[in-house]
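Reading through the structure tokens given below for one structure.
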Amino acid sequence: MVNYHENNYMPQEDDWDRDMLLDPAWEKQQRKTFTAWCNSHLRKAGTQIENIEEDFRDGLKLMLLLEVISGERLAKPERGKMRVHKISNVNKALHYITSKGVKLVSIGAEEIVDGNAKMTLGMIWTIILRFAIQDISVEETSAKEGLLLWCQRKTAPYKNVNIQNFHISWKDGLGFCALIHRHRPELIDYGKLRKDDPMTNLNTAFDVAEKYLDIPKMLDAEDIVGTARPDEKAIMTYVSSFYHAFSGAQKAETAANRICKVLAVNQENEQLMEDYEKLASDLLEWIRRTIPWLENRAPENTMQAMQQKLEDFRDYRRQHKPPKVQEKCQLEINFNTLQTKLRLSNRPAFMPSEGKMVSDVSNAWGGLEGAEKGYEEWLLNEIRRLERLDHLAEKFRQKAAIHETWTEGKEVMLQARDFETASLSEIKALLKKHEAFESDLAAHQDRVEQIAAIAQELNELDYYDSPSVNARCQNICDQWDALGALTQKRSEALQRTEKLLETIDQLYLEFAKRAAPFNNWMEGAMEDLQDTFIVHTIEEIQGLSTAHEQFKATLPDADKERGAILGIHNEIAKIVATYHVNMAGTNPYTTINPQDINAKWDKVRQLVPQRDQALIEEHARQQNNERLRRQFANQANVIGPWIQTKMEEIGRISIEMHGTLEDQLTHLRQYEKNIVNYKPKIDQLEETHQLIQEHIRVGWEQLLTTIARTINEIENQILTRDAKGISQDQMNEFRASFNHFDRDHSGTLGAEEFKACLISLGFDIANDAQKKTGMMEAEDFKTCLISLGYNMGEAEFSRIMSIVDPNRVGVVTFQAFIDFMSRETADTDTADQVMASFKVLAGDKNYILADELRRELPPDQAEYCIARMAPYAGPDAIPGALDYMSFSTALYGESDL
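1 is the number of the first residue of the sequence shown in UniProt numbering; add one for each residue after it.
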């Protein structure tokens, strides 16, 4: 009788078991079951056995079986055909079994080589116990009890199944069917099974297990039904195959879940990187297209065209730029969120493409702001220049028209030869008339000089119609020179004739002398009264009003002068009537007559009230402008401090602890809503004055950016807390330690305060000061860590500083502080863990197949892996093998973007 010790794998069998041990039915069941079990492993090595006692006699397949099920290499086998070679190989196998803690009793190499069936079956059962059943343990039970307890728990919900042992409890087949249905309900319609039909139940279970679970058919339904008590070892062997099959599925599911989690994080991060790159590219492209437009300084010739440019610029400010400000803010938020997620998922930091860093976008934005400011200043200067040009051009046209009217016919008059046939009295009259003309000509000298000066100024200001102005001015100057030459020539002719002519009418001469300057005065007055004016302040209009009042004060004296001049004419008429003087018609000394003087005087009197009304209206307009300027100043003085106050309050919220992070986030979002609701007041301020709101607008944009960034910081803290499993109490403890040196929330620490803080933590240091700006200096961070229970020397502290301050700037931000503390208290996925998960899915192979990925992973993530895994090139590679090891390493390597 074979007697082998099972090393506590099974309790000692009772007397009935030992009596039945040699039962032929049991031996048949064991032979079939053990053969199938061995083949289920040997087929992995490409071989199998037909007769269990014959095929193990040379020890070769026995050693191969042990290598397959253990995953270890045994000693090199003997290839000889002699009995001694076979005994040596079997001894090597038995020695390996003994080295695994199994005590073999009464089993020797000679019995195996001689083909002793009972010894061979006993040896195989020992191997099954050690490698298939020993590791089964449920609630610290033995192998057999653990396997039985597992079966009982899995079949507990099934009413017709009562598993109490590994023999008669399985005869009706419902136990096998229940195990399959519990794990794979789609394979068996359990409701149709009947307890009184064991053959159907058993065959159904055996066929389904072989077809769908890769469990070979180790038992025959007829043997089990036809035996009063089926072989316990055969049943245990077959049931253990179910345990391992379903246990492996659980491991595969766990491994698949881990891989799905890692791949989902990677896919999300890649999408965030692509979104950042696109947003940065679009924003930079918009800036690149906009700056040339803002740098275009091509002037326009008309005020209407420049006003249109100014309106286009205002539309840019109101409609086109605000969305880009939001995009720039969103870009920074997306970048910070992405970096936080990469740190939390143990991925390397994201490095954008060249030229697309946040700093690059900020620099480009600064260039845009500079170009925008320069363009606005240029527009305003150009509008002022065109206003000045329009005023000068109109003034030039008025003066030129008056001068051209005056010079009309003067050349013909000066070229006349009337003095050659004139009498003495007529010569005298002609001479006096010429003297009066010379006086008139001198009076017009100032107007000609003014016309030339205006033309010169228009040229210097680059007036668009300068050629026509220059041509008209040149004509006036040429005509003026010709008049001067002709006047001189006629004067010399009259002086030559003067000695021959002595009679002259003094009254006509006196009339001409007084009428000419008075006429020039009236023409100048009419010109001044009709002159347009452009003022920008009340002081300027008041100056014009004062000058006008001074002019009106001279009107009584002018009226007296007019009366005197008309009196001379009346005296001439009286003399003519009295002495019957033969008059040639008009005054020979001047073309001015009383009708002209009266008409021009009436015109002056008519223009004076019109000028009064224009000055009054302009004064009212300037008063209204002054009121608007004061209104703008009052609104700006309210809005500016409001923005500053809100920014300070937001800064305090971001560093103080009041409630949970969610409470702080809710508080900040309420601030953001209040700030957005304040926007109509900014719009009202812009409507009050479109050209003086630059500093308020910039402050408003900074406030919007500050609240958005602060909300993003709180959201990242919540993301860190939730991802790392940090409690609210831990988060509060971290914040309290960080803010330990800023109790008064002033942003700085006094020297004595700082010294007292560090001394209270056990440090003996000199006085030093530390600013509080949401960051810690290196020594402060070290003190904070010690206060939290970290005991560190210089080497350990240097290591920690290299983590929280990789750029070696000497300060530690709160985000870096939280990352370090969360890294110390939480676990994250690693490349080794992902690699081990893939190895489970691959069935311990060094490669994995596409079908295996599609079977274990969701479709999109399976295709994601297949597309990115390189072909496996190892010595055991087969067609279609994929390298999951390099893929796992790449997941935690450098980003492709």
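C-beta atoms are modelled at their ideal positions from N, C-alpha and C, and glycine is treated no differently.
Distance from the CA atom of lysine 328 to the CA atom of lysine 845, rounded to whole angstroms, is 49 Å. Per the coordinates, the alpha-carbon of phenylalanine 34 lies some 34 Å from the alpha-carbon of glycine 880. Looking at the DSSP output, proline 871 bridges to Leu882.
When DSSP assignments are scanned along the stretch 366 to 424, the uninterrupted stretches of alpha helix (DSSP H) that are 4 or more residues long and fall wholly within it turn out to be 410 to 414.
Excluding its 5 nearest sequence neighbours in each direction, glutamate 662 has C-beta neighbours in its own chain below 8 Å: Ile718, listed in chain order.
In the DSSP assignment, asparagine 162 falls outside any alpha helix (DSSP H), carrying neither H nor E.
The three-state secondary structure of isoleucine 188, taken from DSSP, is coil. Judged by their CB atoms, cysteine 151 and isoleucine 133 are not nearer to each other than the 7 Å cut-off. Within the stretch 315 to 372, the alpha helix (DSSP H) runs of at least 4 residues that lie entirely inside it are, in chain order, 321 to 344. Per the coordinates, the alpha-carbon of lysine 171 lies some 6 Å from the alpha-carbon of isoleucine 224. When Ile112, Glu110, Gly115, Ile127 are compared, the shortest CA-CA separation from valine 102 is found for Ile127. Burial state of glutamine 664 is buried, judged by a 10 Å Cβ sphere holding 16 or more other Cβ atoms. As computed with DSSP, isoleucine 848 is found in a beta bridge with Leu882. In the assembly as shown, lysine 195 is an exposed residue. Its beta-carbon has fewer than 16 other beta-carbons within 10 Å.
Restricting attention to beta strand (DSSP E) runs no shorter than 3 residues, the stretch 477 to 557 encloses none. Alanine 234 places its beta carbon less than 7 Å from that of glutamine 30. Scanning Lys217, Val265, Arg514, Glu549 for the CA closest to the CA of tyrosine 864 turns up Val265. Annotation: the stretch 230 to 313 contains no complete segment of the beta strand (DSSP E) (minimum length 3 residues). Across the set Glu571, Leu386, Ala93, Glu53, the C-alpha of Ala93 shows the shortest separation from the C-alpha of glutamate 72. DSSP places valine 102 in the coil class of the three-state scheme, outside both helix and strand.
Where glutamine 48 is concerned, there is no enclosing alpha helix (DSSP H), because DSSP gives it neither an H nor an E. Non-local C-beta neighbours of threonine 200 in its own chain, meaning closer than 6 Å and more than five positions away in sequence, are absent. Your pair leucine 147 and tyrosine 243 checks out as a contact, with CB atoms roughly 6 Å apart and the cut at 8 Å.
By the Cβ criterion, the stretch 597 to 606 is in contact with the stretch 515 to 534, since at least three pairs of Cβ atoms, one from each stretch, lie closer than 8 Å. Looking from the CA of tyrosine 508, the closest CA among His181, Glu571, Ala547, Thr290 belongs to Glu571. Look at histidine 167 here: in three-state DSSP terms it is coil, with no helix or strand label. Residue environment analysis places glutamine 861 among the buried positions, since at least 16 neighbouring C-beta atoms fall within 10 angstroms of its C-beta. Scanning His41, Asn116, Trp26 for the CA closest to the CA of aspartate 58 turns up Asn116. Counting other Cβ atoms within 10 Å of its Cβ, lysine 356 reaches 16 or more and is therefore classed as buried.
Your pair methionine 869 and aspartate 883 checks out as a contact, with CB atoms roughly 6 Å apart and the cut at 8 Å. Taking all protein chains in view, the Cβ of histidine 536 is surrounded by fewer than 16 other Cβ atoms within 10 Å, so the residue is classified as exposed.
In this chain, glutamate 72 is not harboured by any alpha helix (DSSP H), its DSSP state being neither H nor E. Around the beta carbon of isoleucine 726, 16 or more other beta carbons sit within 10 angstroms, so the residue counts as buried. Judged by beta-carbon spacing, glutamine 622 lies within the 7 Å limit of isoleucine 538, meaning their Cβ atoms are closer than that value. Look at the beta carbons and you see the stretch 312 to 330 not touching the stretch 474 to 494: under three pairs across the two are nearer than 8 Å.
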